[in-house]
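Adding 62 to a residue's 1-based position in the sequence shown gives its number in my numbering.
Following: one structure in structure tokens, then a few remarks.
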Amino acid sequence: MCGIVGYIGDKNSVPVLISGLSSLEYRGYDSAGVAVLNDGTINIRKTKGKVENLSALLLEHPVSGKLGIGHTRWATHGAPSDTNAHPHFSNDEKIAVVHNGIIENYQELKDELEAEGFKFSSETDTETVAHLVDFYYKENNDLLEAVRKTLERIEGSYALGVICTDYPDTLVAARKESPLIVGLGEGENFIASDIPAILNYTNKAYILDDRELALVKKDEIKLYDINGNEIQKEVFTYNWNVEAAQKSGYEHFMLKEIYEQPKVVKDNLAKRFTDDGKHIVLDGIALGKKELKGINQIYIVACGTAYYAGLIGKYLIERLVGIPVNSDVASEFRYKEPLIDEHTLVIVISQSGETADTHSALKLAKEKGSRVLAVVNAVGSSIARDADDVLYTLAGFEISVASTKAFSAQVTAMYLITLHIAQELGKISEKDFTEIKQALEKLPSQVNDILTKAVPAIRGFVNKYIGSKNVFYIGRGLDYVVSMEGSLKLKEIAYLHSEPYAAGELKHGPIALIESSTLVVGVCTQEALFDKTKSNLEEVKARGAKVLAIAMQGNKSIEEVADDVIYIPRTHWMLTSLLANIPQQLFAYYMAKDLGNDVDKPRNLAKSVTVE
Ligand code: G6P
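Okay, structure coming up:
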């Protein structure tokens with residue numbers, strides 16, 4: 063989603079802003095712009111399209127200056143266009159603003175400002191902020207105070223960067239429900255919506271909390287609460303390095319991230335068992351026998367890919383532990399008056415730790431007295447900071463919009479959480495625990511095995527099925543859940559209409575859609591359900607569908623119904639989803655690539671969805 067970067071120092075800000083915006087490209091956007099102050103004038107350059115279009119515009123119409131703000135916009139109010147792109151100016155062009163988030167009461171504010179004589183040139187909600195700051199600035203020429211008063215008037219979410227011609231040495235920033243950090247350099251400072259934007263210069267930052275402001279100069283940073291009181295904060299050090307945000311020879315970040323999965327799974331299992339191997343160690347989680355005994359239900363809440371990782375957790379916890387587990391996508395959970403209380407454990411899952419709906423779900427759960435365990439990848443993110451307990455997924459930077467390694471890390475986390483709860487509550491025998499542990503330890507090399515062997519076959523299928531317009535993913539139990547993730551991946555990057563369906567439910571309607579051009583991906587790794595799913599595949603085959611199956615080694619009879627089969631190494635029934643998903647990822651990746659799509663930055667999508 064939208065990205066912000068800002069610079070104040072002795073360098074020309076433009077290259078810093080452009081490199082920052084380029085590092086935020088992965089988040090998804092449709093226009094880009096910069097505002098740069100020099101000699102008492104702010105110059106804005108902005109354009110629809112990619113950051114490279116902005117760079118081309120800057121070559122044609124150069125600007126420079128030691129203070130600047132930059133933005134990549136993902137359209138919410140008003141189409142992607144040069145005019146709607148940020149930064150936005152006040153009418154006298156003294157103040158420029160970049161904004162992430164949504165101003166919910168913008169129409170009311172706009173009417174008020176228009177009545178005062180302010181002229182609007184864009185269709186964005188953000189422009190109201192530029193005019194409001196201007197309105198309050200005219201009261202006493204105090205930029206920080208003008209921004210603070212503006213914040214008191216706006217409803218919704220914001221990360222803001224503001225500059226003013228009267229303040230050539232100052233950048234004002236503020237945040238509510240949309241991430242913003244203030245990066246600390248030497249003789250220079252930064253603001254950014256996410257650390258990659260400034261990682262070339264610093265890995266130290268203040269993380270702003272909701273309704274906080276920053277007054278940033280090249281060698282001084284002051285932080286304030288919404289009432290204007292100065293506050294102190296600790297400096298946060300990010301451990302991520304610049305190399306992690308590079309493709310390292312891979313054609314796409316997605317492919318690189320797919321190939322990082324053996325290591326990611328290994329890292330997530332390392333140090334998760336006591337020395338004698340008999341217990342799980344989950345650092346940062348105070349959920350022992352005593353706390354768990356007071357829990358009578360679990361709720362798992364997340365969005366997108368993280369939600370499917372959560373669904374895997376639901377199936378496993380219910381089966382192993384015997385506690386009822388509800389699950390919801392966060393956008394539904396937050397408005398449905400969920401039946402939760404202090405006896406509910408709410409598990410939220412998020413790669414970015416900034417997804418607006420998931421974050422709101424967390425806050426709602428806490429309001430209702432539930433304990434919240436967050437499974438999060440981004441250290442220091444809002445969700446991680448607001449949860450009662452955090453299990454970090456140690457997947458490193460995930461740049462590609464389509465989530466791959468983060469999903470495998472989340473699923474591994476769900477395996478560990480399930481085992482932990484089962485063991486604390488005495489629901490698993492030592493023998494079963496040991497058997498699952500041994501199977502877990504084989505996962506990294508089994509993922510590697512699939513990555514090494516499956517690619518030629520998958521490229522062959524892609525070649526064969528590239529004309530498919532409709533794809534069903536079917537399975538039962540855990541296979542059904544993982545097929546949802548497979549189908550999502552294909553939609554996201556290959557732009558193919560694809561639906562996941564419970565294999566047994568297909569005949570209650572969707573089978574009417576099956577014809578000779580339909581591709582059906584059958585996930586049949588659950589041996590207890592193998593024959594059932596195989597029969598469902600026979601039914602679609604009889605109606606002309608082409609069948610691509612994913613099965614466990616040894617279950618060769620699947621070849622009787624499938625046109626093509628990908629085998630995954632044998633593992634414990636609990637763990638098949640992680641392995642079955644690897645060929646699904648590769649299938650979506652090569653399909654998207656061969657269709658000529660922008661694999662890492664699929665159309666209309668954003669990596670981190672910080673608006674509702
Ligand atoms: C977006 C991304 C998905 C991701 C989802 C949840 O839709 O494109 O890849 O699964 O948000 O994101 P989170 O950061 O909360 O896991």
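Each residue gets a CB set at the ideal place from its N, CA and C atoms; glycine is no exception.
Between residue i and the rest of its own chain, which residues show a CB-CB distance below 7 Å, the 5 nearest in sequence each way excluded?
| i | result |
| --- | --- |
| Arg-46 | Nothing about residue 46 can be reported from this structure: the residues present for the chain run from 63 to 674 only. |
| Thr-212 | Val-191, Leu-194, Val-195 and Tyr-198 |
| Glu-166 | Glu-217 and Gly-218 |
| Leu-119 | Arg-107 and Thr-109 |
| Ser-444 | Pro-241, Gly-415, Glu-416 and His-421 |
| Val-623 | Lys-596, Leu-599, Glu-600, Lys-603 and Val-609 |
| Asn-510 | Pro-324 |
What span of residues does the alpha helix (DSSP H) with residue i cover, start to end?
| i | result |
| --- | --- |
| Pro-77 | 75-85 |
| Arg-447 | 444-448 |
| Arg-381 | 366-383 |
| Tyr-679 | Nothing about residue 679 can be reported from this structure: the residues present for the chain run from 63 to 674 only. |
| Ser-507 | 492-515 |
| Leu-424 | 418-429 |
| Val-671 | Here Val-671 belongs to no alpha helix (DSSP H), and DSSP marks it neither H nor E. |
Hey, how far is the Cα of residue i from the Cα of residue j?
| i | j | result |
| --- | --- | --- |
| Thr-466 | His-405 | 33 Å |
| Phe-469 | Ala-368 | 6 Å |
| Glu-201 | Asp-660 | 48 Å |
| Ile-253 | Tyr-229 | 16 Å |
| Val-441 | Ala-307 | 16 Å |
| Asn-262 | Ala-574 | 55 Å |
| Arg-396 | Gly-548 | 26 Å |
| Leu-275 | Ala-364 | 29 Å |
| Leu-667 | Ala-94 | 16 Å |
| Lys-295 | Lys-355 | 37 Å |
| Ile-374 | Lys-596 | 21 Å |
| Gly-372 | Leu-129 | 44 Å |
| Ser-126 | Ala-235 | 21 Å |
| Ala-471 | Tyr-454 | 9 Å |
| Leu-331 | Lys-340 | 14 Å |
| His-161 | Glu-492 | 54 Å |
| Ala-177 | Gly-132 | 30 Å |
Could you give the residue range of the beta strand (DSSP E) that holds residue i?
| i | result |
| --- | --- |
| Asp-593 | It is not in any beta strand (DSSP E) - Asp-593 instead sits in the alpha helix (DSSP H) that spans 592-604. |
| Arg-433 | 433-438 |
| Arg-107 | 103-110 |
| Phe-459 | Taken as a continuous stretch (DSSP letters only), Phe-459 belongs to no beta strand (DSSP E), as it is neither H nor E. |
| Leu-99 | 93-100 |
| Ser-389 | 387-391 |
| Leu-453 | 451-454 |
| Leu-354 | It is not in any beta strand (DSSP E) - Leu-354 instead sits in the alpha helix (DSSP H) that spans 351-355. |
| Val-343 | Premise fails: Val-343 is in no beta strand (DSSP E) and is neither H nor E. |
Taking its Cβ as the centre, do 16 or more other Cβ atoms sit within 10 Å of residue i, making it buried, or is it exposed?
| i | result |
| --- | --- |
| His-123 | exposed |
| Ser-414 | buried |
| Pro-241 | buried |
| Pro-645 | buried |
| Gln-588 | buried |
| Asp-593 | exposed |
| Arg-135 | buried |
| Gly-537 | buried |
| Thr-638 | buried |
| Leu-121 | exposed |
| Pro-506 | buried |
Counting only the same chain and skipping the five closest in sequence on each side, list residues whose C-beta sits under 6 Å from that of residue i.
| i | result |
| --- | --- |
| Gly-247 | Tyr-263 and Thr-264 |
| Tyr-535 | Ser-545, Gly-548, Ser-549, Pro-562 and Val-583 |
| Ser-578 | Gly-606 |
| Glu-174 | none |
| Val-524 | Tyr-652, Met-653 and Asp-656 |
| Ile-269 | Ile-243, Phe-298 and Gly-442 |
| Ala-259 | Val-67, Gly-82, Ser-85 and Leu-86 |
| Ser-432 | Ile-402, Thr-406 and Val-408 |
| Phe-495 | none |
| Arg-273 | Lys-238 and Ile-288 |
| Asn-115 | Thr-109 |
| Lys-376 | Ile-362, Val-387 and Ser-389 |
| Phe-649 | Ile-520 |
So, at 8 Å on beta carbons, what are the nonlocal neighbours of residue i in its own chain, with the 5 sequence-adjacent residues on each side left out?
| i | result |
| --- | --- |
| Lys-663 | Glu-87, Tyr-88, Gly-90 and Val-463 |
Margin query: Give the list of continuous beta strand (DSSP E) stretches no shorter than 3 residues that lie fully inside the segment 118-165.
Written below: 129-135 and 157-162
Next item on the list: Entirely within the segment 266-318 and at least 4 residues each: give me those alpha helix (DSSP H) ranges in chain order.
Entry: none
Check: Mind pulling the alpha helix (DSSP H) runs of 4 or more residues that sit fully within the segment 596-663?
Finding: 638-656
Margin query: To test your reading of the DSSP string, which unbroken alpha helix (DSSP H) runs of 4 or more residues are found completely within the segment 179-252?
Written below: 188-202 and 205-215
Check: Fully enclosed by the segment 563-595, which beta strand (DSSP E) runs are 3 residues long or longer?
Finding: 581-586
Margin query: To test your reading of the DSSP string, which unbroken alpha helix (DSSP H) runs of 4 or more residues are found completely within the segment 517-545?
Written below: 517-527
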